[in-house]
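J.: I'd like to ask you about the structure that follows.
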Amino acid sequence: MSEHITVLLHEAVEALAIKPDGIYVDGTYGRGGHSSLILPRLSDRGRLIAIDRDLAAVEAGRKIKSRKEALGESNSNFCVKHGNFSQMQQILQEMGVTRVDGILLDLGMSSPQLDAVRGFSFRVEGPLDMRMDVSQGETAAQWLETVSETDLERVIKEYGEERYARSIARAIVVARARQPIVTTLQLAEIVTAVVRSRERKREGKQSPATRTFQAIRIFINQELEELSLALRQGVDLLNPKGRLVVISFHSLEDRIVKRFMRAAAKLGCVPRGIPLREVEMQQLNQQKLKVIGKAIRPKCEEVAVNMRARSAVMRVAERVSYDTNG
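Numbered per the numbering used here, the sequence shown finishes at 331, counting up by one with no gaps.
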């Protein structure tokens with residue numbers, strides 16, 4: 006198993022503008038890269054709450070915490086919770102936390118997830134699972150067994166932005182009629198055959214199966230829907246001047262983050278010469294965020310040692326003090 010290298014590690018933690026006594030949420034704990042840099046910046050009064058939907062990541066975090074406690078190192082201000090970041094409001098409420106000073110979401114896959122036999126990688130033979138949380142939901146293999154050709158084409162086209170979605174969907178439906186598609190290499194071979202029959206030259210391009218695997222994974226885990234929910238919750242959880250930091254790895258995610266931050270940073274336009282009641286003024290003045298700087302991408306040096314960083318984009322926004330809802 007390859008070692009996971011956290012993307013934009015220092016940039017993301019710096020963007021949180023950490024206060025020693027603040028409360029922070031690492032909504033995608035992974036293997037603790039960002040959390041390990043946040044914790045030393047907190048005082049005993051500060052808190053870090055890490056969340057991950059992957060049970061393996063949660064278990065890894067809890068083991069690290071236990072080992073440190075066994076060595077006499079205090080970890081009372083740190084905990085790891087199992088759940089999706091779209092559930093952060095509920096998770097925090099159960100802990101008695103209603104406001105936080107920073108939220109970090111790293112939307113990338115960790116190396117252990119890609120290396121594990123979980124169906125995420127088309128390069129590793131294994132069961133076609135693709136669930137980030139293996140405790141619930143149907144697997145990719147189960148979904149492919151019953152999905153209609155029309156719905157399959159839609160998923161591959163929308164979530165994978167794959168130009169050959171129709172042909173790939175047709176090939177998958179034909180192949181499953183012969184035998185169930187239950188392994189990663191089975192699916193990868195079907196997709197590769199379709200794409201290569203249409204693109205004779207692919208030198209320097211990504212693997213033909215990349216977009217289809219991405220699309221099915223996004224759909225199985227409802228990643229874009231979960232992201233939208235998390236963004237809305239995050240804004241309401243932030244204290245004034247609290248930071249929201251999001252690292253995306255493909256255009257669909259980044260588009261959602263960019264549009265959300267821009268929309269939350271806009272004030273309503275008051276029509277000239279038209280008197281408005283107080284409640285109407287409040288509805289127009291609902292600015293909740295201030296976008297901080299421009300989108301940040303990894304430097305060439307980082308990409309050179311970690312190719313998984315090449316598509317990363319980090320966006321930062323800050324909660325404004327004005328709050329018409331109190």
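Yeah, the Cβ is synthetic: ideal placement off N, Cα and C, and Gly gets one too.
#1: Is there contact here, the region 53-61 with the region 27-34, by at least three beta-carbon pairs under 8 Å?
#2: Which residues does DSSP pair with Glu323 in a beta bridge?
#3: For Glu154, collect the residues of the same chain with a Cβ closer than 6 Å to its Cβ; drop the 5 residues on either side in sequence, then sort them by chain order.
#4: Kindly indicate which residue of Gln141, Arg248 and Arg171 has the alpha-carbon position closest to the one of Gln227.
#5: Might you give, ordered along the chain, the residues of its own chain that have their beta carbon closer than 8 Å to the beta carbon of Ala317, omitting 5 neighbours on each side?
#6: Given a cut-off of 7 Å, decide if Val325 and Leu21 are closer than it, judged by their beta-carbon atoms.
#7: Drop a sphere of 10 angstroms on the beta-carbon of Leu281, count the other beta-carbons inside from all chains shown, and report buried for 16 or more, exposed for fewer.
#8: So the alpha helix (DSSP H) Ala198 belongs to, where does it begin and stop?
#9: Could you give the distance in angstroms between the alpha-carbon of Gly88 and the alpha-carbon of Ile96?
#10: For Asp106, which residues in the same chain have their Cβ closer than 7 Å to its Cβ, ignoring the five residues on either side in sequence?
#11: Which runs of the beta strand (DSSP E) fall wholly inside the region 84-151 and span at least 3 residues, in chain order?
#12: Going by the beta-carbon positions, is the gap between Leu110 and Phe83 smaller than 7 Å?
#13: Report yes if the CB atom of Gly35 is closer than 7 Å to the CB atom of Ala61, and no otherwise.
#14: At the level of alpha carbons, what is the spacing between Pro276 and Lys293?
T.: Reading off the structure:
#1: yes
#2: Partner(s): Arg248 and Lys295.
#3: Ala174 and Val178
#4: Out of Gln141, Arg248 and Arg171, Gln141 has the C-alpha closest to the C-alpha of Gln227.
#5: Val12, Leu13, Gly113, Ile252, Ser253, Phe254, Arg302 and Pro303.
#6: no
#7: Residue placement at Leu281 is poorly supported in this model, since its pLDDT is 49, which falls under 50; the coordinates still yield a value, given next. Per the 10 Å Cβ criterion, exposed.
#8: Thr189 to Arg203
#9: 8 Å
#10: Lys24, Gly27, Ile28, Tyr29, Asn244 and Gly247
#11: 105-111
#12: no
#13: no
#14: Low local confidence applies: a pLDDT of 47 at Pro276 is under 50, so the model's placement there is unreliable, with the coordinate-based value given in what follows. Looking at the two C-alpha atoms, the distance is approximately 21 Å.
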